[in-house]
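A.B. asks: Just so you know, the sequence shown maps onto residues 131 to 225 in our numbering.
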Amino acid sequence: MTERTLPLDEVEELNDQELAPPWITTLHNCDCHTFEQVVRQLQKAIACSAEEGWKIAWQVHTAGRAVVKVGPEPECVRVGNVLAAIGLIVTVAQS
131 MTERTLPLDE VEELNDQELA PPWITTLHNC DCHTFEQVVR QLQKAIACSA
181 EEGWKIAWQV HTAGRAVVKV GPEPECVRVG NVLAAIGLIV TVAQS
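(1) Express the C-alpha separation of Ala175 and Ala187 in angstroms, rounding to a whole number.
(2) Quick one: residues in its chain with C-beta nearer than 8 Å to the C-beta of Ala223, no 5 flanking neighbours on either side, listed in chain order?
(3) Over the uninterrupted alpha helix (DSSP H) stretch that includes Gly183, give me the two end residues.
(4) Going along the chain, which residues of its own chain have a beta-carbon closer than 7 Å to the beta-carbon of Ala214, five neighbours each way excluded?
(5) Report buried or exposed for Val168, applying the criterion of at least 16 other Cβ atoms within 10 angstroms of its Cβ.
(6) If you run the structure through DSSP and keep just helix, strand and coil, what is Leu218?
(7) Confirm, please, whether the CB-CB distance from Arg195 to Gly114 is below 9 Å.
(8) Which of helix, strand or coil does DSSP assign to Ala177?
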């Protein structure tokens, strides 16, 4: 089998975003907000249903944290900012 080098115009361009590892937004338990407040903020941040928001809030409450977003840095930072807007404890880090 012979190797073939593709011409430059056939090589799909990759941007830095596609090459970088994904980022993760994690919501931490703080015992200073009601479940309802957390669910509403999750709905704003990640456009989830109330049912999904309750599942995430329960996980945060019982496990101490939950990953709420995995993706490109700007989107994870946006989600973190929306959650933090009411004082929720959030971390955004590269995986």
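No residue lacks a Cβ here, since even glycine has one placed at the ideal position from N, Cα and C.
The model shown is predicted, which means the values in this text are computed figures rather than measured ones.
C.D. replies: This is what the structure gives:
(1) Their backbone Cα atoms lie some 13 Å apart in a straight line.
(2) Non-local beta-carbon contacts of Ala223 in its own chain, meaning distances under 8 Å to residues more than five positions away in sequence, involve Trp153, Ile154, Thr156 in chain order.
(3) For Gly183, the enclosing alpha helix (DSSP H) starts and ends at 180–193.
(4) Excluding sequence neighbours, Ala214 sits near Val220.
(5) By the beta-carbon neighbour count (other beta carbons within 10 angstroms, threshold 16), Val168 is buried.
(6) In this structure, Leu218 counts as coil in the three-state DSSP scheme.
(7) In the structure as shown, the chain begins at 131 and stops at 225. Residue 114 is therefore absent and cannot be evaluated.
(8) If DSSP states are grouped into helix, strand and coil, Ala177 belongs with coil.
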